[in-house]
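Heads up: the sequence shown is residues 35 to 327, going by the numbering used here.
Think of the CB as a built atom: it goes at the ideal place given N, C-alpha and C, for glycine as much as any other residue.
So the structure is just underneath, and the comments pick up after that.
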Amino acid sequence: MEDGILRAISTDGTIRASIATTTNLVAEARRRHNLSYTATATLGRALTGGALLASMGAKDGQVTLKFQGNGPLGKVMVDASPKGTVRGFVENPQIELALNSLGNFDVGGAIGSTGYLHVTMDSGIGMPCSSTVELASGEVGEDINHFLVSSVQKGSLIIVGTHITSRGVEAAGGLLVQLLPDHTEETICQIENNITTFGTFTFLMRRGMGLEDMLKRILKGFDVHPIGEVKPLKFHCQCSPERFFEALKVLDQEEIISMAEEEGQAEGRCQFCNEPYLVGKERLLDLIQGSGS
Ligand code: ZN
């Protein structure tokens, strides 16, 4: 199944939802960054969370999530846009932890339960809106829920999951539900009960269920129907050789000269997608002449 996201609304307009499958883009992130299992599970949840939050925003907007906890994985960054693109990285991609007491990848241990989640929502118009919340558990979904409850909208629920085996990323995806204020704790409870009854998100995916069917299962009891078609989602980064070259302009002339003379080139990688870039000696020296004129 291709990655995609589907938005939905209840007939009475009191529930909005976005449901996403992200298996391929999580596998792409794993390949690009050479992620461990624990890092794949962590970044997979964060990429899915970013895509879901972005889907609720304005068309030209952007959502950035930064998890900064006290765990060994270090910083986890994700950028997502409502156009269906998402990119991200973890600071220490090789960190591998033992499974937790539930037999799951120890995402909470990897991020750490003490620290902060910074969320920036840019609508594309005016100043971006940033908020910071303390991490709830470092399990990603709970932390984003904590952000939603304390910063944006009380009645919101996000579920993100990644299922990885020795064969690779077998399923990844999630669901974001937004409820209007007249909904109560019981509504959230009912959705959680549905998940307990029907199985986790990735379990349903692995049974070959499509987005619309999963939505109906998880939101059983609510009269929810899709808005529009499934929109494709993909791992995509805006970096390019030109942008890498432009970024070199912040370096001192001496640094550029020494790179040109000693290395014969400048070499670097995009932090978000790990794409390697190379600038040859001649272009480096052009940079100095360019800045002198
Ligand atoms: Zn990049």
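Continuous beta strand (DSSP E) stretch holding residue i: start and end
i	result
Thr196	Ser190 to Thr199
Ile129	First-last for Ile129: undefined, no H or E at that position.
Gly314	Pro310 to Gly314
Ile261	Val258 to Pro266
Ala42	Gly38 to Ser44
Glu297	Looking at the DSSP string, Glu297 is not in any beta strand (DSSP E), and its letter there is neither H nor E.
Sequence-distant residues of its chain with Cβ nearer than 7 Å to residue i (five each side left out)
i	result
Gly208	Ala54, Thr82, Gly83, Leu86, Ile192, Ile193, Val194, Gly195 and Phe235
Leu245	Gly38, Leu40, Ile53, Thr55 and Val264
Arg64	Thr74 and Val203
Pro106	Asn126, Ile129 and Ala144
Gly326	Below a pLDDT of 50, predicted positions are generally treated as unreliable, and Gly326, at 47, falls in that range; the measurement from the model is reported next regardless. Hits under 7 Å: none found.
Ala61	Gly202 and Val203
Residue i: first and last residue of the uninterrupted alpha helix (DSSP H) it sits in
i	result
Phe235	Phe235 to Arg240
Met248	Leu245 to Ile252
Gln224	Glu219 to Phe232
Gly143	Val141 to Ile145
Ala205	Per DSSP, Ala205 belongs to no alpha helix (DSSP H); it is in the beta strand (DSSP E), Gly202 to Leu213.
beta-carbon residue i near ligand 1 non-hydrogen atom, thresh 8 Å
i	result
Gln102	no
Cys271	yes
Glu301	no
Under the three-state DSSP convention, the category residue i falls into
i	result
Val174	coil
Phe123	strand
Thr56	coil
Ala92	coil
Gln287	helix
Gln323	helix
Ser165	strand
Nonlocal neighbours in the same chain, by C-beta distance under 6 Å from residue i, ignoring five residues either side
i	result
Leu131	Thr72, Asp140, Gly143 and Ala144
Ile222	Leu191
Ser184	Val167
Beta-carbon proximity list for residue i, same chain, < 8 Å, skipping 5 on both sides
i	result
Gly158	Ala92, Lys93, Asp94, Gly95 and Gln96
Alpha-carbon to alpha-carbon, residue j and residue i
i	j	result
Leu169	Glu176	8 Å
Leu285	Val120	29 Å
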